[in-house]
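First comes the structure, then the notes that go with it.
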Amino acid sequence: MKVFETIYGMGGIETGGYFRSLIAADSEESITGLLCEEHDEEVLISTVKETSQTTEYEHECVLSTERV
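Per the working numbering, the sequence shown runs over residues 1 to 68.
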């Protein structure tokens, strides 16, 4: 499983902002769906970078999220 660093925006003008998440996924195409499911709202992805990290997780998941 690959690890991707993703920067994205979500939320309205009052509560929204930009976030950075590390995501374990098989491919970059899975990232938007995983983030929408994690946050239960639409996200607008700015950048996606594949990191040199790997993970032993068997299922795709969001590993961490922080506000940037």
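From the three backbone atoms N, C-alpha and C, an ideal C-beta is built for every residue, glycine too.
Quick caveat, the model's predicted, so the values are computed rather than measured.
With respect to the 9 Å criterion, THR32 and LEU22 are not classified as neighbours on the basis of their beta carbons. Judged by DSSP in its simplified three-state form, SER27 adopts coil rather than helix or strand. A Cβ-Cβ separation of about 20 Å leaves ALA24 out of contact with MET10 under the 8 Å criterion. The alpha-carbon of THR15 is positioned some 14 Å away from that of ASP40. Ranked by Cα distance from ILE45, the options GLU58, VAL3, SER52 and LEU35 are led by LEU35. Taking a 10 Å sphere around the C-beta of VAL68, we find fewer than 16 other C-beta atoms and assign the residue as exposed. Short of 6 Å from the beta carbon of ARG20, and not among the five residues preceding or following it, lie these beta carbons of its own chain, in chain order: ILE7, GLU66 and VAL68.
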